[in-house]
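Have a look at the structure below before the remarks.
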Amino acid sequence: MKLVVLLLLIFAVVGDATSYLNSTLPSCALHLYRHVSKTGGTTVRFLFDKQVVMGEWEYPLSYGFKENEWEELLERWRGAADKWILKDPGSEGPRVLVEVRGNWPSNWPAENFVKRIMPDVLRLKEEYGKLGCKVTTSFIMREPVAQYLSFYHYYIKKLQDVEVDSLDKGIAARGKNIEEWAANVPDMQVRELLGTKCTTQMREPGYVVQQVMGGVERVGPKLLPKQCQVRPDDLRTFKSLVKQMDVVGVTSRFDEFLLQLSDVAGIQHVQYVMSNSGKHEKREDKLDPEDVKAIKKATSFDFPAYRYVLSLQDAYATPEFQERLEDFQGSSVQAGGRKMVGGKPSPSPYKWVDAAEAKAQQIERVVPTFFTEPTGGGQATAYIYMKPVMLVERDNNLPCRKGCTFD
2 MKLVVLLLLI FAVVGDATSY LNSTLPSCAL HLYRHVSKTG GTTVRFLFDK QVVMGEWEYP
62 LSYGFKENEW EELLERWRGA ADKWILKDPG SEGPRVLVEV RGNWPSNWPA ENFVKRIMPD
122 VLRLKEEYGK LGCKVTTSFI MREPVAQYLS FYHYYIKKLQ DVEVDSLDKG IAARGKNIEE
182 WAANVPDMQV RELLGTKCTT QMREPGYVVQ QVMGGVERVG PKLLPKQCQV RPDDLRTFKS
242 LVKQMDVVGV TSRFDEFLLQ LSDVAGIQHV QYVMSNSGKH EKREDKLDPE DVKAIKKATS
302 FDFPAYRYVL SLQDAYATPE FQERLEDFQG SSVQAGGRKM VGGKPSPSPY KWVDAAEAKA
362 QQIERVVPTF FTEPTGGGQA TAYIYMKPVM LVERDNNLPC RKGCTFD
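Adding 1 to a residue's 1-based position in the sequence shown gives its number in this note's numbering.
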């Protein structure tokens with residue numbers, strides 16, 4: 002079994018050595034990705050999971066981590082980095098991936114992204130970047146009409162299409178279509194990045210309703226509190242924040258974003274299959290003009306923010322980069338009915354399995370030497386699969402619960 006894992010690790014190093022990569026795995030690193038809803042973030046998360054089961058990165062926090070969990074990670078990372086810098090015998094630099102989204106189990110990282118999380122990361126970059134540690138950040142945004150359509154069809158439409166209206170579901174509370182919904186949910190992407198603009202409101206009913214005999218009736222729209230509305234100062238804050246990030250891109254150029262991420266952060270396995278891609282109509286010229294008009298009216302700040310992010314991504318697109326991008330996209334293959342952009346990934350030497358099932362078979366936990374936390378931390382609960390999971394060698398018959406999306 003040990004030989005099999007060793008061979009898989011060797012293949013992982015040489016198997017993805019494709020011509021489009023222009024970086025090496027860093028010896029000491031922390032990369033933070035800021036996830037905004039319906040921009041491709043689930044695919045990025047699965048890509049991060051892949052780096053872990055390849056035995057190359059640690060991904061120790063859930064995307065809705067708590068303050069103490071963030072503080073403890075920073076303390077562990079600093080301790081491991083210090084030992085590596087001082088060349089302590091047997092020490093290995095940490096390589097940590099962090100995703101900030103919020104919502105679950107805590108909204109703390111999203112609400113404190115601007116004033117706490119980002120400054121903490123920039124301090125690490127200032128302190129440790131000159132000592133050989135690569136500390137980087139990334140963010141991806143989506144064209145606003147496309148993002149609103151995706152959000153609506155994924156989260157909202159099913160709450161409108163119910164047989165019986167209630168206080169929080171149905172046409173009265175949620176609106177009869179995308180036009181009525183969007184009217185009460187302005188500038189979602191700017192608000193979500195800033196984290197302090199009532200982002201939970203985006204999934205809440207947009208209308209006040211009251212119980213009447215035989216059902217419910219609409220009273221009127223829920224007014225968004227003034228402190229939650231986006232103003233010119235908020236757009237300036239958005240631009241200032243994004244300008245400080247190392248990798249920024251837009252969803253329609255997702256391949257470019259991933260190749261930039263590899264260049265800058267040192268992530269080596271960027272082959273992917275797009276996840277959570279909706280089946281709704283995506284072409285703007287095929288949509289109801291009134292729906293498009295309503296979305297554009299609701300995104301008066303999202304659009305200039307998007308254009309700014311697009312300009313930053315454009316600046317990275319040198320002729321040499323474009324050649325490698327064409328190589329990356331040209332290496333795509335069809336496998337199992339799926340398009341694997343960039344080619345077929347190397348097999349992973351590890352996988353996450355149900356912790357109880359592994360213990361029942363006396364299968365040992367794998368703890369890579371660069372991990373700062375032996376159990377896998379908050380990510381020891383798989384996406385959707387809510388039972389504790391454990392990182393183990395691949396050579397067993399237990400079903401994979403996390404990290405195998407791209408295998």
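Backbone N, C-alpha and C fix where the C-beta goes; we use that ideal spot for every residue, glycine too. All figures in this text were calculated on a predicted structure; none of them were measured in a lab.
Note to self: Let me check one thing: in DSSP terms, what residues is R35 bridge-paired to?
What the structure shows: For R35, which the question treats as bridged, DSSP gives the partners V101, F140.
ask   = What number of angstroms, rounded off, separates the C-alpha of S312 from the C-alpha of V37?
value = Those two C-alpha atoms are separated by around 19 Å.
For V271 and T44, I'd like the C-alpha separation in whole angstroms.
Going by C-alpha positions, V271 is about 11 Å away from T44.
Exercise. Report all residues from its chain with a CB closer than 7 Å to the CB of G41; omit the five preceding and five following residues, and keep chain order.
Key: I141, T252, F255
Which same chain residues, not among the five before or five after G344, have their C-beta less than 7 Å away from its C-beta? Closer than 7 Å at the Cβ level, and outside the excluded window around G344, lie T19, Q272, S332, S333, V334.
| Among residues of its own chain, excluding the 5 on either side of G130, which ones have a beta-carbon nearer than 8 Å to its beta-carbon? | V136
- By the 10 Å Cβ neighbour count, where 16 or more other Cβ atoms means buried, how is L39 classified, buried or exposed? Reading the sequence as shown, one finds Lys at residue 39 and not Leu. Flag for K39 reads buried.
- [ ] Could you check what DSSP says for W58 in three-state terms: helix, strand or coil?
- [x] Here W58 sits in coil by DSSP.
Contact between the segment 289-306 and the segment 167-177 is defined here as three or more beta-carbon pairs at a separation below 8 Å; is this criterion met? no
- Message: Suppose you measure from the CA of V14 to the CA of N23; what does that come to, to the nearest Å?
- Response: With a pLDDT of 43 at V14, under the threshold of 50, the predicted position of this residue should be treated as unreliable, though the coordinate-derived value follows. If I take the Cα positions, the gap works out to 14 Å.
Taking the C-alpha atoms as reference points, what is the distance between V393 and D235? Going by the C-alpha atoms only, they are around 45 Å apart.
Just to check, is the beta-carbon of K39 closer than 7 Å to a non-hydrogen atom of the ligand ZN?
The ligand ZN is not part of this structure, which contains no ligands at all.
Practice task
Over the uninterrupted alpha helix (DSSP H) stretch that includes P222, give me the two end residues.
Solution key: Unbroken run through P222 is the beta strand (DSSP E), 216-222; no alpha helix (DSSP H).
**OP:** For my contact list, A361 and V390 are in at a C-beta cut-off of 8 Å; report their separation, rounded to the angstrom.
**Re:** Actually they do not touch by this definition, with Cβ atoms about 14 Å apart.
Which residue comes first and which comes last in the beta strand (DSSP E) that contains V210? 208-213
- Task: Check D355 in the structure and name its three-state DSSP category.
- Result: strand
Can you find at least 3 beta carbon pairs, one from the segment 57-75 and one from the segment 365-374, that sit closer than 8 Å? yes
- Query: For W85, which residues of its own chain have a beta-carbon under 6 Å away from its beta-carbon, when the five flanking residues on both sides are left out?
  - Reply: C29, S92, G94
Relative to the C-alpha of H281, which residue among E365, V367, T300, Y149 is closest? Y149
Query raised in the report: Are the CB atoms of I118 and V101 nearer to each other than 8 Å?
Result: yes
Exercise for review: Rounded to whole angstroms, what's the CA-CA distance from R325 to Q212? Just pull it up for me.
Suggested key: 60 Å
Report task. Pick helix, strand or coil for Y153, following the three-state DSSP scheme. Result -> helix
- Message: I'd like to know if the segment 180-195 and the segment 299-310 are in contact, where contact means that at least 3 CB-CB pairs between them fall below 8 Å.
- Response: yes
Leaving out the 5 sequence neighbours to the left and right, which residues in its chain are closer than 6 Å to A81 when beta-carbon positions are compared? P95, T373
Point to revise | Ordered list of beta strand (DSSP E) runs contained in the segment 285-346, each at least 3 residues | key: 334-336, 339-341
Check: Assuming P346 and D396 make a contact with CB atoms under 8 Å, what is their CB distance in whole Å?
Finding: No, P346 and D396 are not in contact; Cβ-Cβ is about 18 Å, not under 8 Å.
Problem - With 16 other Cβ atoms within 10 Å as the buried cut-off, status of V146 - result: buried
**Message:** Three Cβ pairs or more, each shorter than 8 Å: is that satisfied between the segment 213-225 and the segment 260-271?
**Reply:** no
Subject >> Residue span of the beta strand (DSSP E) that contains L392, given as start and end >> reply: First-last of the beta strand (DSSP E) with L392: 390-394.
*Skipping 5 residues on each side, what residues in its chain have a beta carbon closer than 6 Å to that of V309?*
As written in the sequence, residue 309 is Tyr, which differs from the Val given in the question. Result list for Y309: K240, in chain order.
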